[in-house]
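Using this note's numbering, you'd call the opening residue of the sequence shown number 1 and step up by one each time. Beta carbons are placed, not taken as given, at the ideal position from N, Cα and C, and that holds for glycine. Data block below; observations after.
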Amino acid sequence: MPEAFRELAIGDVAPPFSLSGIDDKTHTLDSYKDAQILVIAFISNHCPESQAIEGRLKKLVEQTKDKGVTFVAVNPNNPVGLRPDELGYSKYNDSFPEMKLHAKEQGFNFPYLYDGETQAMAMAYGCLATPHIFIFDGKRKLAYKGEFDDSRFVDEGSVKTPSAQNAIEALLAGKPVPVAETRPHGCSTKWLTKKSAVAVDDEKWAKATVDVELIDADGVAALRKNGTKKVRLFNVWATWCAPCVEEFPELAKTARKFGLRDFEMITISMDRPQLKDQVKTFLEKYQAAMPDKIKASLKAENRTTNSYIYTGPSPDALVKALDPEWPGPLPHTVLVAPDGSVIWRHSGLIDGEELRAEILKYMGRYYKP
């Protein structure tokens with residue numbers, strides 16, 4: 001934890017703050033002086049558990065808005081404290097501009113403030129994770145802190161104990177909060193101090209090696225059939241293909257982003273087999289190594305790599321094996337579900353944001369039971 005970090009105790013007075021909101025206005029503790037009950041909800045764009053409660057949070061805001069209850073959401077994270085593979089459940093990082101986009105898309109009905117620049121508020125309040133809820137009474141004394149509710153899933157039916165709602169209802173009724181403190185569950189706060197750990201991870205990827213193997217049409221057909229629990233992204237490319245080279249950084253970014261999920265990128269080069277070393281050099285330059293999770297899954301499949309050079313003399317045989325709807329030119333990209341069905345396909349230069357959005361649309365933004 002940062003040196004200035006402290007944990008608020010029940011009964012402590014709310015520390016002051018002054019932060020920018022997505023409305024580009026400055027928000028302070030005094031801005032909410034008229035609230036009978038003030039709920040500070042530390043949330044984030046990237047965390048699946050934080051995203052899972054968004055619907056329930058919006059619903060609670062609506063249910064209590066005429067009862068003197070005010071909700072203020074705060075993003076405590078700094079993007080430099082996040083590894084790329086920690087963004088595998090989200091469209092956006094935790095930057096201030098991306099907060100605006102995320103809030104608009106999700107229809108937030110509460111202020112959303114950014115504390116990531118200094119993280120002073122997160123340290124003063126003792127934010128351990130997103131989500132982490134702090135509820136203050138009319139005298140701005142802490143009456144509850146902890147989880148929003150006891151479910152990490154998006155389905156409202158999975159909630160057994162609506163902890164924050166229980167606390168609010170007790171305060172509105174003038175009764176003691178039944179359980180004043182619970183454990184927050186979610187993604188740890190991404191402190192600026194985590195920047196060094198991210199740099200170490202970046203260096204590991206920069207030095208990672210890639211193994212390239214040869215593959216024929218039958219081998220491609222077997223991979224295309226899938227049958228694993230992974231979503232597979234196939235990309236057919238070549239070192240001599242200009243759009244292939246242009247789009248490759250986006251492909252590598254995508255593979256790394258989803259590196260902690262059941263996802264695998266498989267590249268098939270149309271370079272001559274004699275150029276295996278050249279292909280390997282290219283892939284290593286663009287950091288197309290396998291995430292550790294994929295390495296473990298390949299052992300179960302008796303495979304050693306996800307980087308191949310096609311050996312067959314007939315491109316048509318590859319088209320038939322991979323995607324009969326492929327018109328022929330390079331590059332070609334196919335996203336395949338675990339059951340082998342095509343989720344998305346694209347011929348030509350990809351748009352990285354569109355690709356990642358399609359993957360996320362299929363795989364989801366939340367943990368699943």
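Asked: A122: which of K195, I359 and L8 sits nearest, CA to CA?; Found: L8
Asked: Quick test of your reading: D85 and L260, contact by CB under 8 Å. State the CB separation rounded to the nearest angstrom.; Found: 5 Å
Asked: Among K67, I294 and E49, which residue has its Cα nearest to the Cα of A173?; Found: K67
Asked: Short of 6 Å in beta carbon distance, which residues of its chain neighbour D262, apart from the five on each side in sequence? Order them along the chain.; Found: K229 and K230
Asked: Would DSSP call F96 helix, strand or coil?; Found: helix
Asked: Mapping the DSSP letters down to three states, classify W425 as helix, strand or coil.; Found: With the chain covering 1 to 369 only, the question about residue 425 has no answer from this structure.
Asked: Pop quiz: S95 and P79 are said to be a contact at Cβ under 8 Å. What is the actual Cβ separation, rounded to whole angstroms?; Found: 5 Å
Asked: For the beta strand (DSSP E) that S307 lies in, which residues bound it at each end?; Found: S307 to Y310
Asked: What would DSSP say about A445, mapped onto helix, strand or coil?; Found: Outside the shown range of the chain, which is 1 to 369, sits residue 445, and nothing can be said about it.
Asked: Can you pull the DSSP bridge partners for T189?; Found: According to DSSP, which records beta bridges pairwise, T189 is partnered with nothing at all.
Asked: Would you call the region 133 to 143 and the region 24 to 41 in contact, with 3 or more CB pairs under 8 Å?; Found: yes
Asked: Residue range of the beta strand (DSSP E) that M265 falls in?; Found: F263 to S269
Asked: Round the Cβ separation of L251 and M265 to the nearest angstrom and send it over; I've been treating them as touching at under 8 Å.; Found: 6 Å
Asked: Measuring alpha carbon to alpha carbon, tell me which of K59, A124, Y89 and K91 ends up nearest F108.; Found: K59
Asked: Is the beta carbon of K145 less than 9 Å from the beta carbon of G126?; Found: yes
Asked: Under a three-way DSSP split, which group does V179 fall into?; Found: coil
Asked: Using the beta-carbon count (16 or more within 10 Å), is P184 buried or exposed?; Found: buried
Asked: To which residues does DSSP link A41 through a beta bridge?; Found: A73 and I133
Asked: Taking Cβ positions, are A321 and D271 nearer each other than 9 Å?; Found: no
Asked: Any idea if V334 is buried or exposed, counting beta-carbon neighbours within 10 angstroms, 16 or more meaning buried?; Found: buried
Asked: From the DSSP output, in three-state form, read off S50 for me.; Found: helix
Asked: Pick from T28, F248 and A242: whose alpha carbon is nearest that of A14?; Found: T28
Asked: Starting from the C-beta of K139, find all residues in its chain whose C-beta is less than 7 Å away, skip the five residues before and the five after it, and write them out in chain order.; Found: none
Asked: Alpha carbon to alpha carbon, how far is E181 from L128?; Found: 13 Å
Asked: I need the boundaries of the beta strand (DSSP E) containing S18, first residue and last residue.; Found: S18 to G21
Asked: Return the CA-CA distance between F234 and I215, expressed in angstroms with no decimal places.; Found: 13 Å
Asked: On a CA-only basis, which of Q287, L223, G157 and D155 is nearest Y310? Give me that one, please.; Found: L223
Asked: Check whether the region 285 to 293 touches the region 243 to 258, counting contact only when three or more Cβ pairs, one atom from each stretch, lie closer than 8 Å.; Found: yes
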